[in-house]
Each structure stands twice: as C-alpha cells, then as structure tokens.
Amino acid sequence: MKQLILLLLLPVFSYSQELNTALNFHNLVRGYYDLKPLKHNDSLDIIAQSRADNMANKNEIYFNNNSLYGESVFYTDYFSLGRDYYLEASVGWALDDVENITLKQMLCNDCKEIGFGLSVSDDKIYIVAIYDKLYN
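The sequence shown finishes on residue 460 if you use my numbering, and the numbering steps up by one all the way, no holes.
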C-alpha cells in the first residue's frame with residue numbers, strides 16, 4: 325500500500341521540484357543583474373496553465389497581447405521521460421532571440437511573482453511562464 329501511495333505522489337513531487345529548478349534558474353539570472361528574486365504564485369500557475377492548454381488545443385504558439393501580465397512561451401516537439409521542460413524553457417528564455425524579449429521579461433525590475441504551466445498536444449509540449457507584470 326505504501327508503494328502505491330508513493331507512486332501516486334511521485335509526479336507531484338517531480339512537478340514541484342521542476343518548478344523549483346526553473347524558479348531557481350530565473351532567480352540566478354536575476355541575481356546576476358542585482359534584481360530581487362521572484363516568488364512562485366499559485367494563481368499565476370492557473371493563468372499559465374490555461375494559456376498552455378489553449379496553445380496545446382490549437383496546436384500553435386501565440387502571445388496574449390491584451391494582458392497586464394508578462395508572458396514567456398516555449399515549445400518543443402521532442403518528448404522524453406524525466407526531462408525538465410520547465411528548466412529547458414527557462415534556459416531558452418534566457419538565451420532568447422536577437423531582440424532578447426523573453427530575457428527582458430525575466431529581468432523585469434517590477435516583477436515579483438511568477439507562475440508556470442505545461443500542456444501537451446498531439447506532437448508538441450507547450451510551456452508558459454506568467455509574470456505579475458509586463459516588462460517596460
């Protein structure tokens with residue numbers, strides 16, 4: 325019986341650990357720039373999860389331009405058990421594209437909180453981070 329309970333709780337612990345790793349990475353990058361660390365927010369998780377689910381349902385990546393929240397979006401089509409998708413997305417956001425938009429969001433001076441969401445479509449995994457403020 326104890327083994328069954330452990331097997332049922334393992335995904336919860338794994339999920340929590342992956343979120344902590346992604347949050348720690350965000351705060352490591354922010355610390356390099358002398359910015360205050362972000363705190364995890366369960367309410368932002370709900371928004372991020374909804375955004376990730378919408379992308380998975382439509383099977384396309386898009387940004388919510390009408391939001392007061394900051395947002396970073398990542399997807400991959402490479403599935404692998406035990407892979408930390410939240411950390412992979414966070415590293416991708418730090419390295420970003422030429423315009424460094426997602427890095428600017430990670431380094432938002434006014435941001436204090438973050439939430440994460442992950443959803444799977446038929447052929448992609450979508451990861452979304454929602455910040456309590458949009459960078460300026």
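Glycine included, C-beta positions come from ideal geometry on N, C-alpha and C.
For this session: Run the CB neighbour count on Arg375, radius 10 Å, all protein chains shown included, and call it buried at 16 or more, exposed below.
Result: Against the sequence shown, residue 375 aligns to sequence position 51. It is buried - the Cβ of Arg375 has at least 16 other Cβ atoms within 10 Å.
Exercise. Does Leu392 come within less than 9 Å of chain D when only Cβ atoms are used?
Worked result: Absence of chain D from the displayed structure is noted, only one protein chain being present.
Exercise. In its own chain, which residues sit with a C-beta less than 6 Å from the C-beta of Thr400, not counting the 5 before and 5 after it?
Worked result: Start at 1 with the first residue of the sequence shown, and residue 400 comes out as number 76. Excluding positions up to five away in sequence, the list reads Ile449.
For this session: With DSSP collapsed to three states, give me the class of Ile370.
Result: On the sequence shown, residue 370 is found 46 positions in, with the first residue counted as 1. Of the three classes helix, strand and coil, the one that applies to Ile370 here is helix, per DSSP.
Exercise. Which word fits Tyr455, buried or exposed, when buried means at least 16 other C-beta atoms lie within 10 angstroms of its C-beta?
Worked result: Counted from its first residue, the sequence shown places residue 455 at position 131. Burial call: buried.
Exercise. Which residues share a DSSP beta bridge with Gly394?
Worked result: For this step, residue 394 is matched to residue 70 along the sequence shown. Paired residue(s): Tyr455.
For this session: Could you tell me which of His364, Val353, Ser414 and Tyr459 sits nearest to Val452, measuring between CA atoms?
Result: In the sequence shown, residue 452 corresponds to position 128, counting from 1. Considering only alpha carbons, the answer is Ser414.
Exercise. Between Leu368, Leu343, Met430 and Ala380, which lies nearest to Asp446 when the distance is taken from Cα to Cα?
Worked result: As a position in the sequence shown, residue 446 is number 122, starting the count at 1. Minimum Cα distance to Asp446 is reached at Ala380.
Problem set entry | Proximity to Tyr410 [Cα-Cα], best of Lys436, Cys435, Ala372 and Glu384 | To locate residue 410, count along the sequence shown from 1; it is residue 86. Relative to Tyr410, the option among Lys436, Cys435, Ala372 and Glu384 whose CA is nearest is Ala372.
Problem set entry | Unbroken alpha helix (DSSP H) run spanning Ser414, endpoints | Taking the first residue of the sequence shown as 1, we reach residue 414 at position 90. It spans Tyr409 to Leu419 - the alpha helix (DSSP H) in which Ser414 sits, taken as one unbroken run.
Exercise. Who are the near neighbours of Val336 in its chain, counting only those whose CB is closer than 6 Å to its CB and skipping five residues on each side?
Worked result: Position 12 of the sequence shown holds residue 336. In this predicted model, Val336 has a pLDDT of only 40, less than 50, meaning its place in the structure is not dependable; the value taken from the coordinates is given anyway. In its own chain, leaving out the 5 sequence neighbours on each side, no residue places its CB closer than 6 Å to the CB of Val336.
Exercise. Alpha carbon to alpha carbon, what distance is there between Asn460 and Leu332?
Worked result: By one-based count along the sequence shown, residue 332 stands at place 8. By one-based count along the sequence shown, residue 460 stands at place 136. Reliability of the predicted coordinates at Leu332 is poor, the pLDDT of 39 falling under 50, and no value is obtained from them.
Exercise. So, helix, strand or coil for Asn460, using DSSP?
Worked result: Position 136 of the sequence shown, counted from the first residue, corresponds to residue 460. Note: Asn460 maps to coil in three-state DSSP.
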